[in-house]
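Asks: Just dropping this structure here.
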Amino acid sequence: MRSLTLVVCLIAALAAFSPSANAQTTFASITGTVTDAGGAVIPNVAIEATHVRSNYRYSVVSNDSGSYTLAQLLEGDYTLRATAPGFQEFFVQNLQLVARDVRRIDIQMQVGAVETRIEVSAGATLIETETARIGDSKGTAALNALPLNTRSLYSFLALTPGVVAAGGGVATRRFAGSRLNQSDQSIDGITVSNGLDGTQISPLVGYIESFEEVRVDMANNTADMASVGQVTIVSKSGSNEFHGSLITYYTTPWFRARNPFAAQRPGGVVHQPGFTVGGPVKLPGLYDGTNRTFFFGSFETSRGSNILQLLNPSVPIAPWRAGDFSGLTTTIRDAFGSGPLPGNRIPASQINPVSQRYQDRFYPLPNFGDPNVFSAQNYREQVTRPFDPNTYYTTRVDHRFSDKSFIFGRWTWNRSHSRAFEGNLPTVGRRWQTRDTRALNISFTQTISQNLISESRWGYAWNDNPRNGAVIGSEIVRELGLVGLVPNIPDINGLLDVSFAGIGIQRVNQTPWRHPGFLNFAQQIQQHVNWYRGNHSIKSGFQLNRVNFQDQNTSDALFGRMQFSNRFTGHPYADFLYGTPTNMNRAFPPILQDRTRWSYEFFVSDDWKVTPTLTVNLGMRYEWKPGYVEARGQQAVFDIDSGRVIIPDGARSAVSPLVPAGYVDIVEASQAGYPSKTLMDTDRNNFAPRIGLAWRPMGPNTVLRAGWGVFYDVVPRAISAGGSPFVLNEPQFTNPAGNPIVVLPRVFPDQGGALTTIGLPAAQRRDIRIPFSMQYNLTLEHQRWDTGFRLSYVGTNTRQGEWGYNINAPEPNLTPFVDKARRFQRYPAITYVSNGAGHQYHSMQVEVERRWKNGFSYQWSWNWARDIGDLERGQSPENPFDRQRERGVWLDIPTHRVTGNVMYELPFGKGKQFLNSTSKAVNHIVGGWETSAIYSYYSGQFMTPLWTGPDPVGIAFTSSRTAPNVTLRPDHLRNANLPAGEQSTGRWFDVGAFAPPQAGSFGTAARGVIIGPNSHVLNFGLMKSIFLTEKTRLRAELTATNFLNRPNYSLPDVNIANAGTVGVISGVGDTSSLDGSGARGFRAGLRFEW
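Count along the sequence shown from 1, add 23, and you get the number used in the working numbering.
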């Protein structure tokens, strides 16, 4: 209640300051100074901008210092008119504005009759002259013409300098070195990020026909923006004329090159039809919305025939399946201690029948290479599966009440499917997944007076992504006769998860059951006010966010999880045949998580025109982000000072009755002095100053810009929910060497009817802070020859970053784990989350860009970067006592990144340089041709070597004297990067440069010491337009990604314990996935536009 009262008071105070307020505005503005021929400022000049498409008019009068600002302008083409008694009219045509544009148009009035006019053509913005930010934008023409062969927006982001995809399978991007949870994405100003981990609800931008523009700001955003990286998407709106399009895109197997690791080219026909329509709202005899009310709608879908999916697992060879390891030099032992086996052969009578049934059920026989010699990817098949259909539609309505107020709203609906084969094995089957996403936003803008404009927004983004697998876990349990699982296993999809250490045999697993699936509902309310006074443009506003998150996600250990190594026999697969795992886990059925959080953000900024050539941007942002509240109180934290588990007030009844009596004290929050619901103190010190300047000492064509700012992580930390002590989890069990007590069909030790050791919720620093980053840039820009040139230094660092470590780990040394003292001797590992991690990113950016003019545009950029850091959210160090050891080059930030794109209308036909007076029939043949191309280069990604084996330092939990298997970095003996002429897909790096760590020590290898394959991608497109009438055209196109079909290899296996697969590359296209770097693919398209 106190928090709500404070929020209401703050909002009321802000409302008292201004009639209304916003954040994340998408609108543009025009600013400048009005002078006479002698340079003296002229006040009271009437200035009017007209939006060509809608005929919306915006007007203002220059103030006493001659300054003017036209704000809250829709993107698009404008005319600008300035008039004053005794002066000629000043008229600007072809003034092109993009989202969040701050366009300087200085007006020089000439003495003369008002009836006479001075005309200039402005064109598009070439350089940023008013702020310190660095960004890029792409409009409809580029989205439709650049050859990326996708209807999704994400690949276009890679055309922005400094933007790369984050590695590790995370669905987000890095903006000039940003970390996870440091970027945001919005449609018409309302976020479409999920509100939980800072990643985006991707399907909401899966089709681009309804988008007018996408703007990417990746450095030094102003105070109205919360994040380091901001993607602003502006939707299309209707106009005074009816416009629309019919589109279809088509691919066929003959358009696709064969993946070099596949036996044949991908199959299946894909058809992507759609349409758009927009115009004024007209109801005959009832209403004519010309100049006032407009609509726009779009529909896009993907349909196709059955497609081929490449499966290329490494599977056990036939001799191994029969227990015959005679082809190996390794001595195979009896798993139960009777010594070496004669001829390295396991007698058929000793092969575990459960293992036999499991391998026959899930592992096919090899069909590639020598069937009697194990090798990587020795099974290759392209299996047929249904195409995954997607449907996407939008509706937008705009209405202008008067020249002083207008409103618009947009609705987005998407449904997508995934029915891919799971686990890279044909025997596991296909997942069933249907994802629904929705978005709605409403924006109202009002001009209160000449110098006061307000905007209000409300919107939400909704996502539900449930998942089902093909294999039903309870059926596998019955089929294999498994025992040792927890009671009351539900009848849902799952299987016994089996993996191997020390050999590259494919793990058997499938997607866990999830209902509801990552369901999140993110709402925003935004208020914003622009106030112009003298040489100051002052903005202030607030943003209120509410995020609800529901999830019920099973563990992949629900039906048992086992890892086999060479512990008992000398070979991992022989251990499997004996049914003697090294490590094993089981899990309890999940409960529903239902969490909600609120956040409150406020800002004020001032664009101060200090002189006609110097603009200073000053801003301050404040963010208040309390923690999550779980609807049933089922979240918990471990208090390291008292050794107790803290739960919300009133949640004791939800604690599992299976918690061992007397094992750990569980107390409610108020009793322990914790906040009653969130269990965490709110960080209230999140002030984020922003400073920027733009100086034009040599006239309007050259600008020197600099900026510095503080940016807090978008989403605060979430404590453990839906886990212990409400749903129990047990630590991994390690089978004792020499005397395995867990043998299939048992998957976990017999607990004798009661649990003895359970996992505890994570602990965290009581006053944990929200991480923040500082970003800064120094930029020189110049425009000449209709081209903008930019040279920038950009730096980004993170301070007080979150990281976690095992606070219950013993000292690393030769002594076995069970003989060591620990902080909490009774408990297994306890993750403790604190602040202190960070990184430092430096880059030089060079960019040359010509906006579309006379049928030609191009953009080229080079980003030269290095990022050094230790950990980010969700990561932990190998050695809990030494975070500094993790410091190294950041893996997914390439040293060099080059991108370029070009669009060019061939100079033939009517209105062109050549053959411009031909007949209509000839013009249909020679005219209307356009080409486009994209080139991208991505230098090799950094990789970290790994090793899997028995814990060499005795810090991994075990209840016996047998060390569990762990995965750590190995010892580094020499440079592992081979000369270019010696690298191959079968041996990318020198595996012998690494060795297992010495007993009692961590490995000496640092992070990122292996450099992966680079990527060169050239995409090409050819388009032909036929103008049927002045306002209708038919365009056919053929585009290709990776036009030269260069193999851009994926990253190799880096685990030196995986004999047969380490150093081996098994695919293409993953390293720079945003670039379309896989095997060549053509796409044909047809567009009818009117």
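Cβ coordinates follow ideal geometry from the N, Cα and C atoms, glycine included.
#1: For S588, which residues does DSSP report across the bridge?
#2: Relative to the C-alpha of E232, which candidate in T435, F1066, R906 has its C-alpha closest?
#3: Identify the continuous alpha helix (DSSP H) that holds W343 and give its terminal residues.
#4: State the start and end residues of the unbroken alpha helix (DSSP H) segment that holds V500.
#5: Name the DSSP bridge partner or partners of R569?
#6: Give the DSSP bridge partners of G951, in chain order.
#7: Using 10 angstroms around the beta-carbon of W808, count the other beta-carbons present and answer buried if the total reaches 16, otherwise exposed.
#8: For A1080 versus T922, is the C-beta spacing smaller than 8 Å?
#9: Starting from A711, trace the beta strand (DSSP E) both ways and give me its first and last residue.
#10: Under 8 Å, do A11 and G452 count as touching if we go by C-beta distance?
#11: When the Cα atoms are used, what is the spatial distance from M552 to S563?
#12: Between N709 and E646, how many whole angstroms is the CB-CB distance? I'm expecting something under 8 Å.
#13: In the DSSP assignment, the beta strand (DSSP E) including P794 goes from what residue to what residue?
#14: With DSSP collapsed to three states, give me the class of N167.
#15: P339 and Q373: beta carbons closer than 8 Å?
#16: Which residue's Cα is closest to the Cα of G301: P376, E264, A280?
#17: Out of V531, D514, N516, which has the shortest C-alpha to C-alpha gap to S522?
#18: Just checking my contact of V115 with L103 at CB under 8 Å: how many whole Å lie between their CB atoms?
#19: Would you be able to state if there are at least three C-beta pairs under 8 Å between the stretch 180 to 200 and the stretch 882 to 899?
#20: How about N86 and P66: do their beta carbons lie closer than 8 Å?
#21: By how many angstroms is the C-alpha of R873 removed from the C-alpha of N724?
#22: When you compare each of F319, Y697, L778 to F611 by their alpha carbons, which one comes out closest?
#23: Using a 10 Å radius around the Cβ and a threshold of 16 neighbouring Cβ atoms, would you call M966 buried or exposed?
#24: Mind the definition here: the stretch 252 to 267 touches the stretch 219 to 235 only if three or more C-beta pairs lie below 8 Å; say whether that holds.
#25: Can you give me the Cβ contacts of R1103 inside the same chain, cut-off strictly under 8 Å, excluding the 5 residues immediately before and after it?
#26: From the DSSP output, which residues share a beta bridge with I830?
#27: Give the single residue among R908, R80, L227 whose Cα lies nearest to the Cα of S1024.
#28: Would you identify the three-state DSSP class for D662, choosing helix, strand or coil?
#29: Closest by CA to M643, which one among D842, V396, P635, A249?
#30: Could you name the residues that DSSP lists as bridge partners for L96?
#31: Looking only at DSSP bridge pairs, what is A462 linked to?
#32: So, with DSSP's three-state summary, where would you put D1098?
#33: At which residues does the beta strand (DSSP E) containing F1043 begin and terminate?
#34: Assess contact between the stretch 688 to 695 and the stretch 662 to 677, defined as three or more Cβ pairs (one per stretch) separated by less than 8 Å. Is contact present?
#35: Can you tell me whether DSSP reads P973 as helix, strand or coil?
#36: Decide yes or no for the touch test of the stretch 454 to 473 against the stretch 423 to 440: beta carbon pairs closer than 8 Å, at least 3 of them.
Replies: Concretely, from the data shown:
#1: BP columns for S588 are empty, so no partner.
#2: Among T435, F1066, R906, the Cα nearest to that of E232 belongs to T435.
#3: Bounds of the alpha helix (DSSP H) holding W343 are 341 to 344.
#4: Unbroken alpha helix (DSSP H) run through V500: 496 to 503.
#5: Answer by DSSP bridge pairing, in chain order: Q546, W621.
#6: G951 pairs with nothing; no bridge assigned.
#7: Exposed: under 16 other Cβ atoms inside 10 Å.
#8: Not closer than 8 Å, so no.
#9: Start and end: 710 to 718.
#10: The structure shown does not extend to residue 11, since the chain is modelled only from 24 to 1113, so the question has no answer here.
#11: The question names Met, but residue 552 is Val in the sequence shown. Going by the C-alpha atoms only, they are around 6 Å apart.
#12: Contact between N709 and E646 holds, with the beta-carbon distance rounding to 4 Å and staying under 8 Å.
#13: According to the DSSP assignment, P794 belongs to no beta strand (DSSP E), since it is labelled neither H nor E.
#14: Looking at N167 - three-state DSSP - the assignment turns out to be helix.
#15: Going by C-beta atoms, P339 is not nearer than 8 Å to Q373.
#16: For the options P376, E264, A280, the alpha carbon positioned closest to that of G301 is the one of E264.
#17: Ranking the options by Cα distance to S522, first place goes to V531.
#18: In this structure V115 touches L103 by the C-beta definition: roughly 4 Å separates them, less than 8 Å.
#19: With the cut-off at 8 Å, the stretch 882 to 899 and the stretch 180 to 200 touch.
#20: Cβ atoms of N86 and P66: closer than 8 Å.
#21: The alpha-carbon atoms of N724 and R873 are separated by roughly 14 Å.
#22: Per the Cα distances, L778.
#23: Counting Cβ neighbours within 10 Å, M966 comes out buried, since at least 16 surround it.
#24: Yes: at least three Cβ pairs fall under 8 Å.
#25: The answer, listed in chain order, is R279, A280, A1063, T1064, N1065, F1066, L1067, N1068.
#26: The bridge partners DSSP lists for I830 come to none.
#27: Residue R908 is the option with its Cα nearest to S1024.
#28: D662: strand per DSSP, three-state reduction.
#29: Among D842, V396, P635, A249, the Cα nearest to that of M643 is on A249.
#30: Answer is A51, bridged to L96.
#31: Per DSSP, T435, A484.
#32: Note: D1098 maps to helix in three-state DSSP.
#33: Counting along the chain, the beta strand (DSSP E) containing F1043 begins and ends at 1038 to 1052.
#34: With a cut-off of 8 Å, the stretch 662 to 677 and the stretch 688 to 695 count as touching, because enough Cβ pairs lie within range.
#35: P973: strand per DSSP, three-state reduction.
#36: In short, these stretches touch, since the Cβ pair count reaches three.
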